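Accompanying notes for the structure given below.
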Ligand SMILES: Cc1cc2nc3c(=O)[nH]c(=O)nc-3n(C[C@H](O)[C@H](O)[C@H](O)COP(=O)(O)O)c2cc1C
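Numbering (the numbering used here), first residue to last: 132 to 299.
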């Protein structure tokens, strides 16, 4: 897929098929994370926790009960965490990492969604953080859910500007 097509095709997927993501495709998504630009990487880099264990996915998604799965039944979830460095820097790094993975997932025909929800709750749950193997001192910042969507992802949208703008 051309980059322009991937940019126009990426959209948040909130409904997934109960089908696992092939290991090689998941690896390609994860590879994209390492290609992200990072602010002051010598001070600290993001860490990726790749969750495919069904029980753990339920534990992470069913925070508000099974009727409201916060990860929409996705079969894979990548949690990005980092030790805080300069204000906002770790969050910006996480955003870059997530977006790179989202675009790679789109290119591979995988549904995906950037998730902030419940990350704050996870930050406060030391036991769950330890169970997930998130390194000591790291703050979970953002997550990407990945899987086969119930709708085709490779649908190239028409470009419509959605942000305010001013030119000087
Ligand atoms: C920083 C960030 C956090 C987000 N957190 C959530 C979330 O917790 N739950 C959710 O359903 N969508 C979440 N989204 C997805 C947005 O709702 C979505 O990107 C937006 O509505 C635009 O739709 P699109 O991605 O299909 O273009 C998040 C997106 C971003 C960039």
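Virtual Cβ for every residue (Gly too), placed ideally from N, Cα, C.
Just so we're clear, the structure is a prediction, and the values are computed from it rather than from any experiment.
Any chain D beta carbon closer than 9 angstroms to residue i
i, result
"residue 249", "Of the protein chains in the structure, only one exists, and it is not chain D."
For residue i, three-class secondary structure by DSSP
i, result
"residue 265", "coil"
"residue 140", "helix"
"residue 212", "strand"
"residue 194", "helix"
"residue 134", "helix"
"residue 250", "helix"
"residue 280", "strand"
"residue 167", "coil"
"residue 242", "strand"
"residue 180", "strand"
Cβ-heavy atom distance, residue i to ligand 1, below 8 angstroms
i, result
"residue 83", "In the structure as shown, the chain begins at 132 and stops at 299. Residue 83 is therefore absent and cannot be evaluated."
"residue 143", "yes"
"residue 201", "yes"
"residue 265", "no"
"residue 246", "yes"
"residue 295", "no"
"residue 212", "no"
"residue 140", "no"
"residue 221", "no"
"residue 254", "no"
"residue 165", "no"
"residue 226", "yes"
"residue 146", "no"
Buried versus exposed call for residue i [16 or more other C-beta atoms within 10 Å across all chains shown]
i, result
"residue 247", "exposed"
"residue 235", "buried"
"residue 168", "exposed"
"residue 206", "buried"
"residue 297", "exposed"
Reference residue i, options the options, closest by Cα
i, options, result
"residue 241", "283, 290, 291, 186", "283"
"residue 176", "271, 299, 191", "271"
"residue 278", "137, 138, 154", "154"
"residue 251", "289, 191, 280", "191"
"residue 180", "295, 229, 138, 139", "229"
"residue 281", "226, 213, 147", "147"
"residue 232", "156, 139, 149", "156"
"residue 288", "133, 141, 134, 163", "141"
Anticipated Cβ contact below 8 angstroms, residue i with residue j, distance rounded
i, j, result
"residue 178", "residue 266", "6 angstroms"
"residue 238", "residue 137", "5 angstroms"
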